[in-house]
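To start, the structure itself, in structure tokens.
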DNA sequence: TACATGTTAGTTATCGTTGACAAACTAAGC
DNA sequence: GCTTAGTTTGTCAACGATAACTAACATGTA
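Residue numbers (the working numbering), protein chains in the order written: chain A, 8 to 221; chain B, 8 to 221.
What follows is the structure, encoded as structure tokens:
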């Protein structure tokens, strides 16, 4: 009690966001409190407000951190001159590892942001999702140009299915991690989904719709 | 103030669950309070406890109501001797209508249940998801038996993709309903996904995996 | 000296929940 | 049919817990 440790603004902000992440990961969004953050960081509640203006600011910082770390995690798969399907599979693997490492924080944060009233939080969550979809969509577009992906595929729709595969796997995994391992479910879905992207050797051309009647 | 309306237990419980649903739909899970329910029902908070033992009980009733109404909504598409792909498309349409009608309540409730600590709430949410996946999976299995769906398709994986398509569409729709109409996105994804289910006329047999090297 | 980073000790607001009492409906006895 | 007792459904007025946040003050650092 004699002397308390003083740390600079930036370090404390990092600690605060980290604490917020851990609290949500272990107890859901309801567990995210200034008290909880203060306890994890090892200072009083009032000290938290030296480095963050409000709880809402913490949430915004957390969304930002999730966005940065997620795109950092999957960045290895995005560039490169590899085959588009390989890149997508690699993104899936890296994304799955990221979710396991961070205990599904991205899903929880996005789901929470989507039902927030505050416009800045909503906007931050929305942009995170849109950015992810753009990235996947862009890879698919490139794949089509290079004739690695079927030209009848609509990139935006394919990106949403890709994103949905992860959401679906995460939901089951959050309910019961041991019964529904993320990786296995993701791989099983990918094996199936890739068949709808693959460039059929006999080029299908314009028989995309209306192929099957009643 | 002279005389207050008295209603029976069952009616009040319905009103409570309905109020809970509306509160979450309009203000997110944080808006679900006993006070809010009491205000919507038109009684005092204490009166709520005559018909419900706790807030947790309200959540359990709500999950149950969501499950019943959702399966009621899509039941029209499940039975019947129609083509499996038609049944799936029909389920998708009905599910989309249900979500629009109930303002995405199912997604919010599931996402919330997944991060609850309380085991009964978690269990109820988990069972809802598993029941849905089983239903879709079963239709796909039947489709394979009837040679309406490619035999290399793994039903459980296909069901998860199907479920994920809806999750993905709902998330964007929650962020911006006008910019991301549920129906349009769902149809676009379905058009693509069905190609991976379709029974190829030249039966593909056992070339499912390892088809494409680097 | 000045500023950044802490603490202490609150404030205000809202939450879920409960106990004590009142009024309405239900059923039985006369 | 009228009284009467019991049960159900409601209100009122609180309770304790906890939330976000703040003013006043202390202390370490440049």
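Ideal Cβ positions, reconstructed from N, Cα and C, are used throughout, including at glycine.
Treat the numbers as computed from the prediction; the structure is a model and nothing was measured.
Assigned exposure category for residue i - 16 Cβ within 10 Å defines buried
i                      : result
residue 111 of chain A : buried
residue 126 of chain B : exposed
residue 261 of chain B : Past the edges of chain B, shown from 8 to 221, lies residue 261 of chain B, and the structure says nothing about it.
residue 197 of chain B : buried
residue 152 of chain A : exposed
residue 74 of chain B  : buried
residue 16 of chain B  : exposed
residue 186 of chain B : exposed
residue 179 of chain B : buried
residue 133 of chain B : buried
Sequence-distant residues of its chain with Cβ nearer than 8 angstroms to residue i (five each side left out)
i                      : result
residue 140 of chain B : 163, 166, 167 and 170
residue 172 of chain A : 99, 193, 196, 197 and 200
residue 207 of chain B : 157
residue 105 of chain A : 76, 77, 80, 81 and 113
residue 188 of chain A : 180
residue 60 of chain B  : none
Closest residue to residue i among the options (Cα-Cα distance)
i                      : options                      : result
residue 29 of chain B  : B/80, B/103 and B/109        : B/109
residue 246 of chain A : A/199, A/182, A/76 and A/102 : The first residue shown for chain A is 8 and the last is 221, placing residue 246 of chain A beyond what the model contains.
residue 202 of chain A : A/107, A/60 and A/157        : A/157
residue 130 of chain A : A/61, A/186, A/142 and A/66  : A/66
residue 11 of chain B  : B/186, B/39 and B/50         : B/50
residue 124 of chain B : A/124, A/188 and A/182       : A/182
residue 150 of chain A : A/104, A/93 and A/106        : A/93
residue 142 of chain B : B/34, B/86, B/107 and B/41   : B/86
Residue j beta carbon less than 8 angstroms from that of residue i
i                      : j                      : result
residue 84 of chain B  : residue 97 of chain B  : yes
residue 48 of chain A  : residue 71 of chain A  : no
residue 24 of chain A  : residue 68 of chain A  : yes
residue 176 of chain B : residue 161 of chain A : no
residue 155 of chain A : residue 91 of chain A  : yes
residue 46 of chain A  : residue 54 of chain A  : no
residue 115 of chain A : residue 63 of chain A  : no
residue 58 of chain A  : residue 13 of chain A  : no
Contact set for residue i: own chain, Cβ-Cβ below 6 angstroms, skip 5 residues either direction
i                      : result
residue 36 of chain B  : 119
residue 43 of chain B  : 30
residue 32 of chain B  : 110 and 112
residue 89 of chain B  : none
residue 135 of chain A : 74
residue 56 of chain A  : none
residue 214 of chain B : Note that residue 214 of chain B has pLDDT 38, beneath the 50 cutoff, so the model's placement of it is unreliable and the number below is only indicative. Same-chain partners within the cutoff: there are none.
Other residues of its chain near residue i: CB distance less than 7 angstroms, five sequence neighbours each side excluded
i                      : result
residue 174 of chain A : 114
residue 39 of chain B  : 27, 30 and 31
residue 204 of chain B : 92, 156, 157, 160 and 165
residue 41 of chain A  : 52, 55 and 62
residue 107 of chain B : 189
residue 226 of chain B : A question about residue 226 of chain B goes unanswered here, because the residues of chain B that appear run from 8 up to 221.
The ligand GTP heavy atom lying under 7 angstroms from the CB of residue i
i                      : result
residue 171 of chain B : Judged by which ligands are present, the structure shown has none, so any question about the ligand GTP falls away.
So, does the stretch 102-122 of chain A touch the stretch 140-151 of chain A, judging by three or more C-beta pairs under 8 angstroms? no
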